[in-house]
Amino acid sequence: MADEPDSEEASDETSEEAADDSTETATDEASVEETKPALTARKQPVKQPAKGSFTRFLMIFLFLLAIVTIFQPGMAQEFGNLAGLVLVPLIGFGGRYPVLTVLLAGALTTGISSILRDHYTDWIKMVRMQKTTSAWQKALREAMRKGNKAEVNKLNKIREGFTKDQMDVQLNSMKPLAWTFFLFIVLFAWLSVFVNSTLLVTGGQYFAVPWAPDVYVNYVPFLFPSWILLYSLLAIPI
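Just remember that the numbering used here sits 151 ahead of the position in the sequence shown, which is counted from 1.
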């Protein structure tokens, strides 16, 4: 009879432990069920907009459009007339100061090109890649000097890791070229219209240079008209 309370207490403790175990198991199962949606959500890839593809297409389109404009005088004149809607009031000066107009046109091209290059270039990433490449080349030369083939193979594998970043940096540095080339063609088309239309009406088709008092803007001393040579002379220092 004395052993009955002890057996009852043991059975109570066993039932309490079983209840606790079942509670913990239910809690664990609930937590697993709660985490399943989160894990499933992580596994689903998030589609990003194809911004890089659109930018690449736009660059190729502008580059081809600029090339077509070079060989199509009618299209070049249309682009020149459209650009004149903005540039004539801005730097045209009514055709009274052709040299100043050409100078400001060169400064405008250089300024916009610099802004585009700064916008597309990740300078921090470029400097980091230059330092990484320099350190890798130094380590590779040292390994080759010592004849350590294992180290050379290891460095070649390391190179595969930053080659993609290096290509991305080079591609980003090439992006402004299409914009700059197209802008350059449009600006030259406008200068051609300006020289052959506005300056013809105002009678300002002559300008002075240090070696000649009167130079005709369409005079061709070499391969290009004088106004193109004047543009090159004024824009290169900028």
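Just so it is clear, CB atoms sit at the ideal spot from N, CA and C, and this is done for glycine as well. Computed from a predicted model, the values in this text were never measured in an experiment.
Could you work out which residue in the options is closest to residue i when comparing CA atoms only?
{"i": "P388", "options": "G262, T349, G312", "result": "G262"}
{"i": "A340", "options": "A363, F222, I211", "result": "F222"}
{"i": "E379", "options": "A301, L254, K282", "result": "Checking the displayed sequence, the identity of residue 379 turns out to be Ile instead of Glu. Residue L254 is the option with its Cα nearest to I379."}
{"i": "T284", "options": "E311, L259, K300, M295", "result": "E311"}
{"i": "W287", "options": "I266, T314, S265, K276", "result": "T314"}
{"i": "G355", "options": "A217, G245, F205, I218", "result": "G245"}
{"i": "L238", "options": "A256, L350, L351", "result": "A256"}
{"i": "L350", "options": "Y367, V360, F335", "result": "Y367"}
{"i": "K282", "options": "D316, R296, D365", "result": "D316"}
{"i": "P361", "options": "V352, A386, L374, L381", "result": "L381"}
{"i": "L259", "options": "P364, D365, L334", "result": "L334"}
{"i": "M280", "options": "F375, M318, P224", "result": "M318"}
{"i": "P224", "options": "A386, I336, L374", "result": "I336"}
{"i": "V278", "options": "S324, N369, A301", "result": "S324"}
{"i": "V352", "options": "P372, L374, R247, A294", "result": "R247"}
{"i": "S204", "options": "N232, K300, L322", "result": "L322"}
On the CB-based measure, 16 or more other CB atoms within 10 Å of its CB, does residue i come out buried or exposed?
{"i": "L209", "result": "exposed"}
{"i": "I211", "result": "exposed"}
{"i": "F230", "result": "buried"}
{"i": "T331", "result": "buried"}
{"i": "T252", "result": "buried"}
{"i": "S383", "result": "exposed"}
{"i": "S377", "result": "buried"}
{"i": "P327", "result": "buried"}
{"i": "P131", "result": "Outside the modelled stretch of the chain, which goes from 152 to 389, sits residue 131, for which no answer is possible."}
{"i": "F358", "result": "buried"}
{"i": "E185", "result": "Low confidence applies to E185: its pLDDT is 42, below 50, so where it sits in the model is not reliable, and the reading given next is rough at best. That one is exposed."}
{"i": "A227", "result": "buried"}
{"i": "G298", "result": "exposed"}
{"i": "G243", "result": "buried"}
{"i": "D179", "result": "Bear in mind that the predicted position of D179 carries a pLDDT of just 46, short of 50, making it unreliable; the figure below should be weighed with that in mind. Answer is exposed; the Cβ neighbour count stays below 16."}
Taking the Cβ atom as the reference point for each residue, do residue i and residue j lie within a distance shorter than 8 Å?
{"i": "L291", "j": "L306", "result": "yes"}
{"i": "V219", "j": "K276", "result": "no"}
{"i": "L213", "j": "A329", "result": "yes"}
{"i": "A217", "j": "L338", "result": "no"}
For the beta strand (DSSP E) that residue i lies in, which residues bound it at each end?
{"i": "F358", "result": "357 to 360"}
Could you please give the first and the last residue of the uninterrupted alpha helix (DSSP H) stretch that includes residue i?
{"i": "V371", "result": "That residue, V371, is in no alpha helix (DSSP H); it is neither H nor E in DSSP."}
{"i": "L241", "result": "It is not in any alpha helix (DSSP H) - L241 carries neither H nor E in the DSSP assignment."}
{"i": "R279", "result": "274 to 297"}
{"i": "F333", "result": "300 to 344"}
{"i": "I387", "result": "Segment: none, I387 is in no alpha helix (DSSP H) and carries neither H nor E."}
{"i": "Y248", "result": "No alpha helix (DSSP H) contains Y248, which DSSP labels as neither H nor E."}
{"i": "T353", "result": "350 to 353"}
Checklist entry - Is the number of C-beta pairs between the region 341 to 354 and the region 271 to 282 that are closer than 8 Å three or more? => result Contact fails: fewer than three Cβ-Cβ distances are below 8 Å.
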